[in-house]
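S.K.: Following this message is one structure expressed as structure tokens.
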Amino acid sequence: MNKFKKGASSLYLALIFLFLYAPILVLIVLSFNDSMSRTVWGGFTLKWYANLSSNDNIMEALGTTIKITLTSSIFATILGTTAAIGIHYMKKRHTAIMLGATNIPLLNADIVTGISLMLLFTRFTPLGEFSVILAHIAFSVPYVIFNVLPRLQSLSEACFEAATDLGATPMYAFYKVVWPEIFPGVLSGFLMALTMSLDDFTITYFTKGAGVNTLSTMLYTQLRKGIQPELYALSTILFLLAFALLLVINFKGSARKEVVKNEK
Amino acid sequence: MEFIQFDHVSKSYEKQLILDELDLYIKENTFVTLLGPSGCGKTTTLRLLGGFEKPDSGKIYLNGNDITALPANLRPINTVFQKYALFPHMTIEENIGFGLKIQKKSKDYINDKIKYALKLVNLDGFEKRSIDSLSGGQQQRIAIARAIVNEPKVLLLDEPLGALDLKLRQSMQYELMKIKQELGITFLYVTHDQEEALTMSDTIVVMNQGYIQQIGTPEDIYNEPENAFVADFIGESNIIEGIMIKDELVSFLGVQVPCVDKGFGTMKPVDVVIRPEDVELDAPGKGFMDGVITDCLFKGVHYELDVQCGEYEWLVHTTKYFEVGQKVSLNVIPFNIQIMNKPESEDEEVLKEDDQ
Amino acid sequence: MINKMRTSFLATPYAIWVMICTILPLFYILGYALTNDAGSFTLSNLTAIADPVHLKSLWLSIRVAFFTTAICLLLAYPVALILHNLKLTNKGLVVFLFILPMWMNFMLRILAWQIILSNNGILNSILSTLGLPTLHILYTETAVTLGMVYDFLPYMILPIYNALSKINDQVVEAAADLGANWWTTFTKVTLPLSKDGIISGIIMVFVPALSSFVVSNLLGGGKVLLIGNVIEQEFTLARNWNLGSGLSIILMIFVLLSMSVMNKVDDSENGGMPV
């Protein structure tokens, strides 16, 4: 009975992961497909990877995407981290108000967030890269705040006080005592902002204006005419890069935990 | 066959052996305490009986039935958990009635039982309250009530008073004994607190490193520890290496002292245990050994003295005050000298380092 | 020791940011919704929801969102429970496995489903090789629902997994100790104690499902017109921003309504942190 239960559980998990990763597998296979058709296998090729760098359209969209994603997530991380620290030391009632406001972009429908930002931006600035960056900061700051805040809350106030008691200036105490504790939260907030920004379509779509294209919006316009296979290749590269990056971060993190365990 | 019987039970976690071929017999309607430092296997023993763990080998019997493979929910045994483990989403009434509802008891029966149990733990009228409105001590009482309404044959208590403060712990000890008397069932109690064990138990099982060190009444355990571990773990002791010269005569620290123990053989190495309150202080030259007071601390009921006699520093409890530097002599009546065999295995020997 | 007053000022830039980029835009959308082309006050953009076409889209959206949420919940709970029972020491790994797919472009992932589900696509080739009848679900409500389930499933799994991790193991043991079998323990203890996670998950799936327009575009082939599609078209094709804003407000009202219903269910919820 127990063995059966275990087997059934494993099978179920495998099916769910198949469901989640099947489309990705399809795309990776397509990136090596020599045929332009999406459903016919025309043999193995690397030409889409080779052609990639000479496809100006795609390279431009990639450049825009990276610029927007990096700029917005870095700003979101700075803004979100300072905000989280500020909110943590606020009076309770003010904290509640700030958190309520922070929840709005998370809970509101993307389409409504996108449209409302577009309506605002058109009044003050022409839509373009800049407005997209602002919009991306707007929806990714909450992720940073909600990743940093729990870290602050679990941090014992006594640690900071002990540091100052031992003669540290508040700045030094923050840097030496508080920062190492909240850093994992800052990092995961940053990664979350990065992921959300990279994966976003809806909000970018409404706030980008004409002429600016991220990979997502370019794909959307290409859907009807047919996707350039180079895009499969590019996405495969990005996916594998992310996979490697997250793997490293994850294993580094668990390796450190292991050390801590052994020291006990 | 005894009421509860552990038969060659072994258990390991992640390749670490916790219990090694444990044999344990428990009589019906007794208050048995498993006592030992953390990591000694006492909690594992309890969890094996509760059905939360399965032994790697060996059998467990209850009332003559092999219950080794029986899951926790089918055992007539209930547990009071260390951190209470009350259901946070239920009221007190729902918590206490949980087991009875599963047994499909009638509503009236359940209500009566809840009332009775709450009365027994001195919390009448708390039925509708929520869990988070209770203090730690009150939560613990509810946990006890929740377990006993099911009329278990055995009640397991896993360091139930560990999280409470000293005063509350003492009054709860008294209450637990009262409840035990009222219910007339077997209590298996796990603790690392020797005072708790001495106060409440009919029988104490002292454990260390997965082995039983001694089983006995609190008086036995305290007055006649069988080895140095037990002597050291139960209260404070002077434990001195000595040689049993012949029956009723032991030599230690260069003097020969009469005692009452027999049967150790002649010229046998032994451990000599003398409780600090059994050492009497006299004027220099009058006892079997002279020394100098090196420390005197007031402890409320008594003074705690350190007496340096050559190489060895004695721990002595007296009701009289002594100056540091004062010369004294030590005396112990033969009855209060406890002789113990030297430990034969390494396992018996390992001790002090993992006391809590 | 920490000067709380002074430290709390660190949040000032963010407070200003919130005013400008969160609160102000909502007033803008409300402003557009309550005016017409000429800029005079009107309620017609809101009452436009009564138009049969819009009403039909709204109803369809609610239906799709409902089924998406229900299927996600049914699929996700066992996943979370199995993962929880594995007692992984590295909880980050779980998050990692469910976040990773997001690094393959969302549009492409949905497109891949188009390829999998199409009449001569992968799924049907597998089915016909096995001698089973083929499915023709692309460009139907079913395909749209499937795409949304695919897209939002991690948002259901993670909060439930988190909630399960927070349950004290001893409480589950206590239930068994008191005679509860696996099923009773699950329904009486585990399930109620993971309620917060379920509610977070429902909100995080239902809201985007209600308002999505991309999935329905790709997998509905223009035949499945959700309220999100209607709003998008008002902005991009019809260029009637006022009507689009009006319908957005209606959508927001539905989102708020569904959330307050969920919060009523979860009377003990304290704070709205969804992640």
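Chains as they are written, first to last, in our numbering: chain A, 1272 to 1535; chain B, 357 to 712; chain C, 7 to 281. Backbone N, C-alpha and C fix where the C-beta goes; we use that ideal spot for every residue, glycine too.
Assign Q239(C) to one of three DSSP states: helix, strand, or coil.
M.R.: If DSSP states are grouped into helix, strand and coil, Q239(C) belongs with the helices.
S.K.: Looking only at C-alpha atoms, which of T547(B), L532(B), Q459(B) sits nearest to G540(B)?
M.R.: Comparing Cα positions, the closest option is L532(B).
S.K.: Between which two residues does the alpha helix (DSSP H) containing S413(B) stretch?
M.R.: From DSSP, S413(B) is part of no alpha helix (DSSP H) but of the beta strand (DSSP E) over 413–418.
S.K.: Cutting at 6 Å between CB atoms, please list the residues of its own chain near M528(B), excluding the five before and the five after it.
M.R.: Same-chain partners within the cutoff: L517.
S.K.: Evaluate contact between the segment 542–554 of chain B and the segment 205–224 of chain C, counting only Cβ atoms and requiring at least three cross-stretch pairs below 8 Å.
M.R.: As far as the Cβ criterion goes, the segment 542–554 of chain B does not touch the segment 205–224 of chain C, which means the pair count is below three.
S.K.: Just the Cα atoms here: how many angstroms apart are G1351(A) and F1410(A)?
M.R.: When rounded, the distance between both Cα atoms is 11 Å.
S.K.: Mind checking if L133(C) is an interface residue toward chain A, Cβ cutoff 8 Å exclusive?
M.R.: It does not: the Cβ of L133(C) has no partner Cβ on chain A nearer than 8 Å.
S.K.: Whose C-alpha, out of I1386(A), G1314(A), V1483(A), is nearest the C-alpha of L257(C)?
M.R.: The candidate whose alpha carbon is nearest that of L257(C) is I1386(A).
S.K.: With H, G and I counted as helix, E and B as strand and the rest as coil, what does DSSP make of P1294(A)?
M.R.: Helix at P1294(A).
S.K.: With 8 Å set as the bound, which would you pick, yes or no: does the beta-carbon of G1278(A) sit closer than that to a beta-carbon of chain C?
M.R.: So, not an interface residue.
S.K.: Give the secondary structure of F362(B) by DSSP, where H, G and I count as helix, E and B as strand, and everything else as coil.
M.R.: Note: F362(B) maps to strand in three-state DSSP.
S.K.: Runs of 3 residues minimum, wholly inside the segment 632–692 of chain B: which ones carry the beta strand (DSSP E) assignment?
M.R.: Listed in chain order, the complete beta strand (DSSP E) runs (minimum 3 residues) inside the segment 632–692 of chain B are 636–638, 645–654, 659–665, 668–674, 683–687.
S.K.: Any Cβ of chain C within less than 8 Å of the Cβ of G1438(A)?
M.R.: G1438(A) does not count as touching chain C.
S.K.: Residues of chain B with CB under 7 Å from V271(C), in chain order?
M.R.: In chain order: nothing, as chain B lies at least about 13 Å away.
S.K.: Report the option in N506(B), S491(B), K509(B) whose CA atom is closest to the CA atom of D301(B).
M.R.: Given a span of 357 to 712 for chain B in the structure shown, any question on residue 301(B) remains unanswerable.
S.K.: For V261(C), would you say it is in contact with chain B, using Cβ-to-Cβ distances shorter than 8 Å as the test?
M.R.: Not closer than 8 Å to any Cβ of chain B, the Cβ of V261(C) fails to qualify, so no.
S.K.: Please list the partners that F1514(A) has in chain C, where partner means a Cβ-to-Cβ separation under 8 Å.
M.R.: Ordered by position in chain C, the residues that pass the 8 Å Cβ test against F1514(A) are L106, W109.
S.K.: For a test of the three-state rule: what should DSSP assign to Y530(B), helix, strand or coil?
M.R.: Residue state, collapsed to three classes: helix.
S.K.: So which residues of chain C does Q459(B) contact, with C-beta pairs closer than 7 Å?
M.R.: Per Cβ cutoff of 7 Å: G185.
S.K.: Compute the Euclidean distance between the alpha carbons of L404(B) and P411(B), then round it to the nearest angstrom.
M.R.: Taking the straight line joining both Cα atoms gives about 7 Å.
S.K.: With DSSP as the reference, label G598(B) as helix, strand or coil.
M.R.: In this structure, G598(B) counts as strand in the three-state DSSP scheme.
S.K.: Can you tell me the Cα-Cα spacing of C1430(A) and V1448(A), whole angstroms?
M.R.: If I take the Cα positions, the gap works out to 7 Å.
S.K.: Using a threshold of 8 Å, state whether the C-beta atoms of K618(B) and E604(B) are closer than that.
M.R.: In this structure, E604(B) lies closer than 8 Å to K618(B) by Cβ.
S.K.: So, with DSSP's three-state summary, where would you put D480(B)?
M.R.: If DSSP states are grouped into helix, strand and coil, D480(B) belongs with coil.
S.K.: Can you pull the chain A residues whose beta carbon is under 7 Å from the beta carbon of P84(C), in chain order?
M.R.: The answer, in chain order, is Y1283.
S.K.: Under the DSSP definition of a beta bridge, which residues are partnered with N1322(A)?
M.R.: DSSP lists no partner for N1322(A).
S.K.: Considering only their Cβ atoms, is the gap separating D514(B) from F387(B) smaller than 8 Å?
M.R.: No.
S.K.: Leaving out five residues before and five after A425(B) in sequence, what residues of the same chain have Cβ atoms less than 6 Å from its Cβ?
M.R.: None.
S.K.: If you pair each beta-carbon of the segment 1351–1370 of chain A with each one of the segment 1388–1402 of chain A, do three or more pairs fall below 8 Å?
M.R.: Judged by Cβ distances under 8 Å, the segment 1351–1370 of chain A makes no contact with the segment 1388–1402 of chain A, as fewer than three pairs qualify.
S.K.: Please list, in chain order, the chain B residues whose beta carbon lies closer than 8 Å to that of N174(C).
M.R.: Correct list: K439, A441.
S.K.: Does S46(C) get closer than 8 Å to chain A when you measure Cβ to Cβ?
M.R.: So no, S46(C) is outside the interface.
S.K.: Please go through the segment 500–581 of chain B and give each complete alpha helix (DSSP H) segment of 4 or more residues, from N-terminal end onward.
M.R.: Fully enclosed alpha helix (DSSP H) runs of 4 or longer: 522–539, 550–556, 574–579.
S.K.: Closer than 8 Å, CB to CB, is F408(B) near chain C or not?
M.R.: F408(B) counts as touching chain C.
S.K.: Kindly list the residues whose CB is nearer than 7 Å to the CB of L129(C), restricted to its own chain and excluding five residues on each side of it in sequence; keep chain order.
M.R.: Hits under 7 Å: I122, L123, L141.
S.K.: Out of curiosity, what's the CA-to-CA distance linking T53(C) and V1412(A)?
M.R.: Distance between the alpha carbons of T53(C) and V1412(A) is about 34 Å.
S.K.: Looking at D627(B): is its Cβ nearer than 8 Å to the Cβ of I595(B)?
M.R.: Yes, the pair counts as a contact, with Cβ atoms nearer than the cut-off.
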